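Below is one structure, written out as structure tokens, with a few remarks after it.
Residue numbers (my numbering): 65 to 196.
Next comes the structure, spelled out in structure tokens:
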């Protein structure tokens, strides 16, 4: 299989599972990471960057027919921390994927907390990102 899938949140619990499944099914995976990672699989390419860096997001999604977005800020002491990652970063990734001209599918893994934005800054940021 020659399809490439871009993944955010790749080093988290869900992201690791998604990557393992994609690799087992023969996909090429391009995964966003904040820190350099060792080469472990010929079908896995690590892209160093963040949801705040449009250049790294462009590198991540170029040539990818699908994006699986499961990155998110879950802890923080200010509302702006959640907004910057969970809202602005998610919208930036969506826009970059759209502009790439390659992405046919965008899977946004959010949180049940988004159903109750009044619960916390985290819940509100996930709600806002979903309803963009």
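For glycine and all other residues, C-beta sits at the position ideal for the given N, C-alpha and C.
Note that the structure is a prediction, hence the values are computed from the model and not measured.
Going by beta carbons, residue 135 and residue 70 fall outside the 8 angstroms limit.
For a cut-off of 8 angstroms, the C-beta gap from residue 101 to residue 114 is around 14 angstroms, too long to register as a contact. In the DSSP annotation of this structure, the continuous segment of the alpha helix (DSSP H) that includes residue 125 starts and ends at 118-125. Note on residue 73: 16 or more other CB atoms within 10 angstroms of its CB, so buried under the neighbour-count rule. Bounds of the beta strand (DSSP E) holding residue 68 are 68-72.
Taking 8 angstroms as the cut-off, the beta carbon of residue 131 is found closer than this to the beta carbon of residue 125.
Taking the Cβ atoms as the reference, residue 177 lies roughly 11 angstroms from residue 150, outside the contact range of under 8 angstroms. In the three-state DSSP reduction, residue 115 falls in the coil class, being neither helix nor strand.
Cβ contact annotation for residue 78 (same chain, cutoff 6 angstroms, sequence separation greater than five): 134, in chain order.
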